[in-house]
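For reference, the structure discussed in these notes is given below.
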Amino acid sequence: MAKGNVQLLGSWVSPYSNRVQMVLNLKSVDYEFIEENFYSNKSERLLKANPVHKKIPVLIHDEKPICESLVIIQYIDDVWTENGPSILPSDPYDRAIARFWAAYIDDKWFPCIWVILLSDGADAKKTAALEEFNKGLALLEDAFIKCSKGQKFFGGDKIGYLDIALGCFLGLVRLIQKMDNISLIDESKSPNLFKWAQHFSDDDAIKVVIPETEKLLEFAKVFVAQVKASGINK
Amino acid sequence: MAEVKMFGAWGSPFSKRVEMGLKLKGVEYEYIEEDLNNKSSLLLNYNPVHKKVPVLVHNGKPIAESLIILEYIDEAWEGPDILPKDPYERANARFWAKFIDEKCMPPMWKACWSIGEERAKAKEEASEALKFLENEINGQKFFGGDTIGLVDIAANFIGYWFRIAEEIVGLELMTQDKYPNLCKWAEEYCKCSFVKENLPPKDKLADIFKGIIQAQSAPK
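Have a look at this one:
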């Protein structure tokens, strides 16, 4: 359903970009996807659209830019109200809980994944990051039980805000599992999240967005080498 | 048991944000002051993940993180809007509130309490961040327009806490010549009777800040 002109400056690799793509798909919004080089040589277009953070994703709706993935998702939910069920829960308390865990994922949990991806096996930082990751996962497993109320997703019987906030990282999780030959979301330790991950990735709106592990592997080899060479350890 | 309880700390800008939100909506609440050096088991129970104030407890259900609590207050109670109704303006408000938390407050706070190169670096970072806010306020009375909104509430640290700390430590970061719009906003903001009621006493805060300096310069 057309509600103005929609463009997304993003990248197939970026989980944050993927979040927005997933929501646009769930809401059946027509949009133009513009692949941006997010790491280096950022385009004029991106710098103009997001002068503050200079990052993807940026949603441009009728020439007005909106930045920050979680802000964008809520914007899409606020605008495309007739396009399918809402992404955020309807109850204010459930909304607050969803926002809380999404913020936790971004502030506390994702930084661990980043460290795990970029550090070597022998590095003490990696061990520490894995520990934090697992602690976080246990919290999220518990949160899933409370939010899902016995259903398939954090959002209940349909994919919602928190499913997307977490699920966008499944591509990276699978990459690390393959690269390091470890199980990050383990069926025995996190049985609910393990099942949830399968349900989430099987959804039609989602499966076309999560990057394939093989493609990510190819990309990661180049990217991780570049990052290490430039000495940026973030 | 009160329907609405709030765990806070008198000196915390995050805590005061929530009080502002509650008062804006005219919500009656029970306030529980927490000793941040000796947190109550009740608080730790309500916020096991972050173990911090503020926490709002509504009908026994806890919500943590000040900006999330503010959105909850806006949605759960009638009264003046904390967030704008227009989706684009809402997105804008959320963007700038997050910007304040992530990009302004950390380097501003660090600049106050560090020295030498560390201070210079933090000051530079904070200066850059404040420039964006300076452009954003752009001659409006408040970030929310004619009335106080989410971003104004989120910027309480910038409008009040920081000005006091900055003077005590001799930082000269948010100066009139570099940030005329922000300084004007801060003046209007602190003059506003509603805001004034929700700020900790200047002398008490100054004592805390002076205490930090003393502790830093004390022989180890």
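From first to last, the protein sequence lines stand for chains A and B. Counted from 1, the first sequence has number 219 at position 217 by this note's numbering; the numbering is strictly sequential. Counted from 1, the second sequence has number 177 at position 183 by this note's numbering; the numbering is strictly sequential. Don't be surprised by glycine CBs; every beta carbon is placed ideally from N, CA and C. If you're wondering where the values come from, they're calculated on a predicted model, not measured in any experiment.
Opening and closing residue of the alpha helix (DSSP H) in which residue i lies
i, result
"ILE1 of chain A", "Examination of residue 1 of chain A is not possible in this model, given that chain A is present from 3 through 236 alone."
"GLY110 of chain B", "110 to 131"
"CYS98 of chain B", "Note, CYS98 of chain B: premise wrong, no alpha helix (DSSP H); not H, not E."
"ILE202 of chain B", "196 to 211"
"MET0 of chain B", "It is not in any alpha helix (DSSP H) - MET0 of chain B instead sits in the beta strand (DSSP E) that spans -2 to 2."
"GLN170 of chain B", "Counting along the chain, GLN170 of chain B falls outside any alpha helix (DSSP H), and DSSP gives it neither H nor E."
"HIS201 of chain A", "193 to 204"
"LYS127 of chain A", "126 to 150"
Short CB-CB distance (under 8 Å) between residue i and chain B
i, result
"LYS236 of chain A", "With a pLDDT of only 44 at LYS236 of chain A, under the threshold of 50, the placement of this residue in the model should not be trusted; the figure read from the coordinates follows. So no, LYS236 of chain A is outside the interface."
"LYS66 of chain A", "yes"
"VAL54 of chain A", "yes"
"GLY12 of chain A", "no"
"PHE35 of chain A", "no"
"ASP32 of chain A", "no"
"TYR77 of chain A", "yes"
"ALA98 of chain A", "yes"
"ASP204 of chain A", "no"
"GLU84 of chain A", "no"
"ALA105 of chain A", "yes"
"TYR95 of chain A", "yes"
"GLU214 of chain A", "no"
"ASP144 of chain A", "no"
"GLU70 of chain A", "yes"
"PHE102 of chain A", "yes"
Beta-carbon contacts of residue i that lie in its chain and below 6 Å, excluding the five residues immediately before and after
i, result
"CYS170 of chain A", "PRO17, ASN20, ARG21"
"ASP125 of chain A", "none"
"CYS98 of chain B", "ALA123"
"TYR33 of chain A", "VAL8, LEU10, LEU26"
"ARG113 of chain B", "ALA105"
Exposed unless 16 or more other CB atoms sit within 10 angstroms - verdict on residue i
i, result
"LEU172 of chain A", "buried"
"HIS44 of chain B", "exposed"
"VAL117 of chain A", "buried"
"VAL51 of chain B", "buried"
"LYS236 of chain A", "The predicted position of LYS236 of chain A is uncertain, since its pLDDT is 44 and thus under 50; a value taken from the coordinates is nonetheless stated next. It is exposed - the Cβ of LYS236 of chain A has fewer than 16 other Cβ atoms within 10 Å."
"ALA212 of chain B", "exposed"
"GLN208 of chain B", "exposed"
"VAL15 of chain A", "buried"
"MET3 of chain A", "Confidence at MET3 of chain A is low in this model, with a pLDDT of 48, below 50, so its placement is unreliable and the value that follows should be read with caution. Exposed: under 16 other Cβ atoms inside 10 Å."
"ILE147 of chain A", "exposed"
"PRO195 of chain B", "exposed"
"TYR163 of chain A", "buried"
"GLY110 of chain B", "exposed"
Close-in-space but distant-in-sequence residues of the same chain around residue i (CB under 7 Å, 5 per side omitted)
i, result
"ILE206 of chain B", "TRP107"
"LYS5 of chain A", "VAL81, TRP82"
"VAL229 of chain A", "LEU120"
Chain A within 8 Å of residue i, Cβ atoms only
i, result
"PRO81 of chain B", "yes"
"VAL145 of chain B", "no"
"ARG84 of chain B", "yes"
"LYS45 of chain B", "no"
"ILE57 of chain B", "yes"
"LYS92 of chain B", "yes"
"TYR154 of chain B", "no"
"TYR66 of chain B", "yes"
"GLU69 of chain B", "yes"
"ARG88 of chain B", "yes"
"ILE62 of chain B", "yes"
"PHE126 of chain B", "yes"
Pairwise C-alpha distance: residue j and residue i
i, j, result
"LEU165 of chain B", "ASN32 of chain B", "31 Å"
"LYS57 of chain A", "PRO100 of chain B", "20 Å"
"LEU77 of chain B", "GLU134 of chain A", "34 Å"
"ILE184 of chain A", "CYS114 of chain A", "15 Å"
"LYS46 of chain B", "LEU144 of chain B", "21 Å"
"HIS58 of chain B", "PRO174 of chain B", "Here residue 58 of chain B is Ala; the residue named in the question, His, does not match the sequence. Taking the straight line joining both Cα atoms gives about 34 Å."
"SER190 of chain A", "PRO87 of chain A", "33 Å"
"VAL67 of chain A", "VAL73 of chain A", "According to the sequence provided, residue 67 of chain A is Pro. The question's Val does not apply to it. Near 11 Å, if we compare the C-alpha coordinates of VAL73 of chain A and PRO67 of chain A."
"LYS(-1) of chain B", "ILE99 of chain A", "17 Å"
"PHE35 of chain A", "ALA207 of chain A", "15 Å"
"LEU28 of chain A", "ILE166 of chain A", "11 Å"
"GLN210 of chain B", "LYS204 of chain B", "10 Å"
"SER35 of chain B", "ALA200 of chain B", "29 Å"
"GLU22 of chain B", "ASN53 of chain B", "13 Å"
For residue i, the first and last residue of its enclosing beta strand (DSSP E)
i, result
"TYR77 of chain A", "From DSSP, TYR77 of chain A is part of no beta strand (DSSP E) but of the alpha helix (DSSP H) over 71 to 81."
"LYS55 of chain B", "55 to 58"
"ILE62 of chain A", "60 to 63"
"ILE26 of chain B", "24 to 27"
"GLY12 of chain A", "8 to 12"
"VAL49 of chain B", "49 to 52"
Proximal residues of chain C, C-beta to C-beta of residue i below 8 Å
i, result
"TYR23 of chain B", "As a matter of chain content, chain C is missing from the structure shown, whose protein chains are A and B."
Neighbourhood of residue i by C-beta distance below 8 Å, restricted to the same chain and skipping five residues each side
i, result
"PHE188 of chain B", "MET14, LYS17, LEU18, ILE142"
"ILE78 of chain A", "VAL22, VAL25, LEU26, LYS29, VAL31, LEU61, ILE89"
"LYS151 of chain A", "GLY158"
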